[in-house]
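Numbering (my numbering), first residue to last: 103 to 722.
Written out below as structure tokens is the structure these notes cover.
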Amino acid sequence: MLDVALIELVSAGLRRFFSEDQNTARSSTEADDGALLRRLLVASPEVAGALVNRCVADQWHSIQANQLPTEIATEHLARLPRILAADRTSPDATEDFFAQSPIALADAIILATDIDTSDGTIDETILTFLLEVFLRSLQASRTEIETLLPLMAGPPDLDAPISYPPELDTLADALPPPASVPRPRSDATLTLEKIARADALAVSVPILELITVAVINRTRSPHLRQADLADVAAKARAIRAELAGFAVRRPFGWSDLDTLVNTFDAGRLDACSRTLTAIEEEAVRQGSPGAPRAPELVDCAIQMRLLRARLYALQGNDIAAARQMGHAQRHVPRTDHARRWQMAIREARHYEHAAYHDRDPAHFDSAARACSSAFASLSADTPPALRAEIQSELAHYLIRLGHIELSSSRFEIAAQLLEDAVPNLGADDDARVRLLALIRQGDAVMGLARLSGADHLSGRAVASYEAASHLISTAADGPARHGDMRRPFDEGIAALRARLAVALLSRSASNEDASLHETALDTIADVLPSLAAPHDLGEDASFSANLLAGQCHYAAALWLTMMGETDAARQRMKAAVSALEDIGCNRLALELSRDMDSRWSSQAMALCAEFEATGPATAA
């Protein structure tokens with residue numbers, strides 16, 4: 103029984119470290135079966151009971167927290183009293199015991215004990231863990247132990263009943279069933295499981311280890327989602343398939359490509375990259391000096407760069423991947439605007455991912471420069487829809503920078519770009535591109551309105567958001583041109599409703615139109631749970647959700663302040679600041695906090711002035 107095992111452990115621990123006969127050699131079969139504790143519970147039930155309660159509770163909680171099955175816990179706890187009875191490790195003195203590390207002492211005791219684990223029922227790791235928890239409990243009970251020390255001498259009263267702590271009555275029922283946690287697995291078992299996971303994902307074990315680390319670094323969490331791992335594994339398989347094709351096609355008669363796939367499977371991606379670089383250089387070398395290269399040579403050089411970018415991205419190195427995308431554009435003729443843009447937007451996306459993953463907003467500037475460079479290279483005969491798409495993407499990064507830097511010029515340029523872009527995106531163009539342009543147009547105007555204090559501009563934002571809402575309700579999703587880099591959050595209904603509610607509150611505030619604020623506040627209350635839902639860390643969805651949540655909380659706080667509900671407004675502002683600081687918008691959080699503090703201060707001063715002028719009865 104678990105209760106008996108715990109009582110015997112406490113008794114054995116007290117005898118081993120604190121009783122007068124602790125230095126007397128005892129065999130492993132001479133544990134006192136709770137006799138010492140029996141005496142203490144009779145002599146000083148309150149103090150001894152407090153000691154036992156702590157030891158029992160700590161052990162109980164540790165067993166529960168680690169989901170250790172009852173039968174396994176009991177089996178190992180029952181072994182510990184005999185281990186302590188036979189143990190002769192230092193320390194022997196009370197002071198030495200309290201100076202020891204519980205972890206080091208538990209390790210020393212278990213290592214010094216000849217434990218039979220041949221039948222598979224006892225695991226030294228579990229023994230060490232349970233002993234460490236117990237020793238930590240003893241050290242936390244120094245006051246009780248020092249009180250009980252004088253009572254530990256003399257023969258035990260074997261006839262006195264033991265009063266078990268009340269926690270033990272329900273302990274066994276509270277613990278998880280034996281099947282909840284398997285026994286500790288051996289290294290061989292873990293290796294076999296790793297191989298099985300790799301086989302299930304159709305990748306090699308080294309590639310599995312590589313992409314696992316990349317996903318953990320990207321999400322900043324040790325908890326892997328199978329969907330994330332499967333997505334990256336699919337990209338690894340696609341890269342492997344392309345590398346395998348080289349051995350068949352043998353570009354430029356390359357002779358040493360047979361081992362390229364094996365090199366990849368071994369996780370030696372740097373070696374793969376060197377081979378791709380050599381093929382790219384050969385494609386460039388074979389071009390005629392001063393003359394346009396043959397299309398097949400251009401395609402080969404581009405393919406090598408794109409593959410190198412994908413190898414870096416597979417490892418989670420978005421900066422290196424972005425640079426490879428930038429280099430790939432050099433191989434594309436300047437007149438091929440569409441193809442250059444395909445690479446430029448991927449370059450920008452990689453910089454954007456790096457900004458989220460590294461928590462470094464400077465990468466947004468690099469993304470903006472990638473789009474700006476593509477925009478600057480356009481000619482007069484560039485299709486208007488392509489020009490508009492580039493303008494929209496450039497505006498996206500300027501808006502991000504505007505929120506982070508609190509730069510009105512960023513918002514102003516973005517608004518100008520989108521004002522020019524939106525009319526050039528008609529019904530025949532990609533509906534998704536038009537949708538994002540309308541949403542971004544509203545975002546740019548709202549940012550400019552907040553920084554300039556021109557609340558009347560929010561009406562223009564409302565018009566953009568309403569147009570986006572109409573487009574969602576009437577148009578089917580267009581094809582995603584860059585599907586592997588999609589950012590679907592901003593296109594969601596909840597995100598658009600949140601934007602529209604904030605804009606409506608701003609417009610109603612400037613026009614003193616109280617008829618709109620209730621609907622807007624209801625909308626905010628409705629969408630906030632979805633904005634607060636977990637999103638992938640280090641992704642655009644997390645940034646957008648937190649930004650919108652912060653804006654919604656601030657808008658609600660503003661209205662609550664106007665209604666005189668200052669306490670509720672303070673809670674909203676606290677939530678707004680937390681959401682914004684989580685995504686690095688510290689300056690924005692500070693600015694909004696200062697604005698609200700100023701409003702509260704003005705409100706308080708006005709109330710005081712009214713009180714002084716009219717007296718308490720009228721002011722109330």
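Beta carbons: idealized from backbone N, C-alpha and C, even for Gly.
Predicted, not measured: the structure shown is a model, and the values here were computed from it.
key: Nearest neighbour of residue 498, chosen from 252, 187 and 520 [CA to CA]   = 520
Other residues of its chain near residue 526: CB distance less than 8 Å, five sequence neighbours each side excluded = 486, 487, 489 and 490
ask   = Of the choices 211, 306 and 203, whose alpha-carbon is the least far from that of residue 182?
value = 211
query = Beta-carbon separation of residue 604 and residue 670 under 8 Å?
reply = no
request  = Determine the extent of the alpha helix (DSSP H) in which residue 389 is found, giving its start and end residues.
outcome  = No alpha helix (DSSP H) contains residue 389, which DSSP labels as neither H nor E.
query = Buried or exposed: residue 572, going by 16 or more other Cβ atoms within 10 Å of its Cβ?
reply = exposed
key: Reduced DSSP category for residue 428 - H, G, I as helix; E, B as strand; rest coil   = helix
inquiry  = Considering only their Cβ atoms, is the gap separating residue 344 from residue 303 smaller than 8 Å?
reply    = no
query = With burial defined as no fewer than 16 other Cβ atoms inside 10 Å of the residue's Cβ, what is the status of residue 364: buried or exposed?
reply = exposed
task = For residue 420, count neighbouring Cβ atoms within 10 angstroms of its own Cβ and tell me buried if that reaches 16, exposed if not.
result = buried
task = Could you give the DSSP three-state label for residue 667: helix, strand or coil?
result = coil
query = Exposed or buried, what is residue 663 when buried is set at 16 or more other beta-carbons lying within 10 Å of its beta-carbon?
reply = buried
message = Considering only their Cβ atoms, is the gap separating residue 506 from residue 686 smaller than 8 Å?
response = yes
ask   = Closest to residue 543 by CA distance: which of 330, 598, 575 and 508 is it?
value = 598
request  = From the DSSP output, in three-state form, read off residue 305 for me.
outcome  = coil
query = Given that a residue counts as buried once 16 or more other Cβ atoms are within 10 Å of its Cβ, and exposed if not, what is residue 215?
reply = buried
key: Per-residue DSSP class, three states only, for residue 629   = helix
task = Along the alpha helix (DSSP H) that carries residue 345, what are the first and last residues, could you check?
result = 328-351
ask   = What is the rounded straight-line gap between the Cα of residue 253 and the Cα of residue 145?
value = 7 Å
inquiry  = Do residue 240 and residue 115 have their beta-carbon atoms positioned less than 8 Å apart in this structure?
reply    = yes
query = Whose C-beta lies closer than 6 Å to the C-beta of residue 566 among residues of the same chain, with five residues either side of it excluded?
reply = 540, 543 and 544
message = So for residue 121, helix, strand or coil by DSSP?
response = coil
query = Any idea if residue 558 is buried or exposed, counting beta-carbon neighbours within 10 angstroms, 16 or more meaning buried?
reply = exposed
Sub-8 Å separation of residue 439 and residue 407 beta-carbons = no
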